[in-house]
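Novice:
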Amino acid sequence: MLIILLLTLALVPILIYASDPEDPSVLVHPRDGVVMIYIPAGPFTMGTNTGWKDASPEHQVELPGFYIDKYEVTISQFRRFVADGGLTDPRLYQTEQGRIIFQNEGFQPRFWPEQLNQEDNLPMYGVRYFEALAYCKWAGKTLPTAQQWEKAARGTDGRLYPWGNEWDSSRVNALEDAVASGVAGDYPKLPAPVDAFPAGASPYGVMQMAGNVLEWTLETMAAYPGNTNPYAFYPHFHRAFVPELRGGSWQLDRRFTNTTFRTAQYESISHRTFGFRCACEEIQEIEEVGDE
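Residue numbers (the working numbering): 25 to 316.
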């Protein structure tokens, strides 16, 4: 029996198919063919009392259930978005700065010419915030909030890394363990394929939530409740929209490659280490269709 799951999204309802009828927590989105994992509703511990000051203090956050992409969006998936007119459709560009740049310059990700001939399963890197958001909108999804991202990365036990509390270089693509394909100097030239390092999966089975590429989240970076020593850039962020990036990258070491590290960048800035994944809200209805 084929199970079809109907989600209520911002644009139109999108049908999502259970990849395993016995496990509807793992789904395949029909628009971009991405495997998504369900993160159940409930509280989790966000932030840290021992790490970066801008990631403090620990606090409890209650979230409704949601789906998040199991893997970072790949070059192959982004090619499909481009082939479908994603870079030229003004309806997909949702921020004021994104619309201005679209009107004045048009869009092409910074490294797109070289990515046309790269391995399909590499994460899409070098994207600006509004390009990542446009892809997610095209796919009927959105970027995860920082709260959604952190819960998907660390679960409910407050772990520092997706796999636990002890650093293990065999589980992550980070600077001090330059294992990605192609090395230039001290830096890997490219990120690793999105399905590399399976032992580094989060408690929910979400992959590469530490290292590989920094991932855009939906909202501007702001101090956590109770933070008495906020990050020095916060006053500047309050005057502009500066989305948060999470997870560290292959060009950062273990200090930055964990579940609580947070940084931010202006939405018009791209970097070789910037990538993303998408999320969508909880299932609203379940409809069963006749036997196949």
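Every residue gets a Cβ at the ideal spot worked out from N, C-alpha and C, and that includes glycine.
Note that the structure is predicted; figures quoted are calculated from it, not measured.
Between P88 and Y248, which are expected to be in contact by the criterion C-beta below 8 Å, what is the C-beta distance as a whole number of angstroms?
Specialist: In the sequence shown, residue 88 corresponds to position 64, counting from 1. In the sequence shown, residue 248 corresponds to position 224, counting from 1. Going by Cβ atoms, the distance from P88 to Y248 rounds to 20 Å, so no, they are not a contact pair.
Novice: Quick check on the DSSP output: the alpha helix (DSSP H) that includes V106 runs from which residue to which?
Specialist: As a working mapping, residue 106 is identified with position 82 in the sequence shown. I99 to A107 is the span of the alpha helix (DSSP H), which, as asked, contains V106.
Novice: Tell me the rounded alpha-carbon separation between E268 and A234.
Specialist: Taking the first residue of the sequence shown as 1, we reach residue 268 at position 244. Taking the first residue of the sequence shown as 1, we reach residue 234 at position 210. Rounded to whole angstroms, E268 to A234 spans 15 Å at the Cα level.
Novice: Which residues mark the beginning and the end of the beta strand (DSSP E) in which E291 is found?
Specialist: As a first step, residue 291 is located in the sequence shown; it is residue number 267 there, counting from the start. Where E291 is concerned, there is no enclosing beta strand (DSSP E), given that its DSSP letter is neither H nor E.
Novice: Should H83 be labelled buried (16 or more other beta-carbon atoms within 10 Å of its own) or exposed?
Specialist: Against the sequence shown, residue 83 aligns to sequence position 59. Exposed, because fewer than 16 other Cβ atoms sit within 10 Å of the Cβ of H83.
Novice: Pick helix, strand or coil for Y91, following the three-state DSSP scheme.
Specialist: Numbered from its first residue, the sequence shown carries residue 91 at position 67. Here Y91 sits in strand by DSSP.
Novice: Quick check on S194: buried or exposed, where buried means 16 or more other Cβ atoms within 10 Å of its Cβ?
Specialist: Within the sequence shown, residue 194 is the residue found at index 170, counting from 1. When all chains shown are included, S194 counts as exposed.
Novice: Beta strand (DSSP E) containing L269: first to last residue?
Specialist: Start at 1 with the first residue of the sequence shown, and residue 269 comes out as number 245. Where L269 is concerned, the enclosing beta strand (DSSP E) stretches over P267 to R270.
Novice: For V59, which option in D108, E155 and Y91 has the closest C-alpha, if you only look at C-alpha atoms?
Specialist: The sequence position of residue 59 within the sequence shown is 35, counting from 1. V59 has its Cα closest to that of Y91, out of D108, E155 and Y91.
Novice: As a quick exercise: from K161, P64, S273 and V151, pick the residue whose alpha carbon is nearest that of I293.
Specialist: Stepping through the sequence shown from its first residue, residue 293 is reached at position 269. Comparing Cα positions, the closest option is V151.
Novice: So L157 and Q118 are in contact, right, with Cβ under 8 Å, and what is the actual spacing, rounded?
Specialist: If you number the sequence shown from 1, residue 157 lands on position 133. If you number the sequence shown from 1, residue 118 lands on position 94. Indeed, because the Cβ distance is near 6 Å, the residues count as touching under 8 Å.
Novice: Tell me whether T112 is buried or exposed, calling it buried when 16 or more other Cβ atoms sit within 10 Å of its Cβ.
Specialist: Within the sequence shown, the letter at position 88 stands for residue 112. Under this definition T112 is an exposed residue.
Novice: According to DSSP, simplified to helix, strand and coil, what is E82?
Specialist: Position 58 of the sequence shown, counting from 1, holds the residue named residue 82. E82 falls in the coil class under three-state DSSP.
Novice: Compare the beta carbon distance of C169 and T241 with 8 Å and say whether it is the shorter of the two.
Specialist: As a first step, residue 169 must be located in the sequence shown, where it is residue number 145. As a first step, residue 241 must be located in the sequence shown, where it is residue number 217. Per the sequence presented here, residue 169 reads as Thr, with Cys not at that position. Result yes, Cβ atoms of T169 and T241 sit closer than 8 Å.
Novice: Could you compute how far the alpha carbon of A256 sits from the alpha carbon of R270?
Specialist: Residue mapping note: residue 256 aligns to position 232 of the sequence shown, counting from 1. Residue mapping note: residue 270 aligns to position 246 of the sequence shown, counting from 1. In this predicted model, A256 has a pLDDT of only 49, less than 50, meaning its place in the structure is not dependable; the value taken from the coordinates is given anyway. Their Cα atoms are separated by approximately 18 Å.
Novice: Closest to G224 by C-alpha separation, out of V237, A288 and W187, would be which residue?
Specialist: Looking up residue 224 in the sequence shown gives position 200. Ranking V237, A288 and W187 by Cα distance to G224 puts W187 first.
Novice: What are the boundary residues of the beta strand (DSSP E) that E239 is part of?
Specialist: The count along the sequence shown starts at 1 and reaches residue 239 at position 215. Unbroken beta strand (DSSP E) run through E239: L238 to T244.
Novice: Can you check whether the CB of L238 is closer than 8 Å to the CB of T166?
Specialist: Start at 1 with the first residue of the sequence shown, and residue 166 comes out as number 142. Start at 1 with the first residue of the sequence shown, and residue 238 comes out as number 214. In this structure, L238 does not lie closer than 8 Å to T166 by Cβ.
Novice: Does the beta-carbon distance from W162 to A216 come in below 8 Å?
Specialist: Residue numbering aside, residue 162 sits at position 138 when the sequence shown is read from its first letter. Residue numbering aside, residue 216 sits at position 192 when the sequence shown is read from its first letter. No; because the gap between Cβ atoms is not below 8 Å, this pair is not in contact.
Novice: Considering F154, what are the terminal residues of the alpha helix (DSSP H) in which it resides?
Specialist: Counted from its first residue, the sequence shown places residue 154 at position 130. Run containing F154: Y153 to W162, per the alpha helix (DSSP H) assignment.
Novice: Under 7 Å Cβ to Cβ from V85, same chain only, skipping five residues before and after it: list those, please.
Specialist: On the sequence shown, position 61 is the one that residue 85 refers to. Answer for V85: P67, F68, M70 and Q171, listed in chain order.
Novice: Between which residues of its own chain and N253 is the CB-CB distance below 6 Å, once the five residues before and five after are set aside?
Specialist: The residue given as residue 253 occupies position 229 in the sequence shown. Closer than 6 Å at the Cβ level, and outside the excluded window around N253, lie K77.
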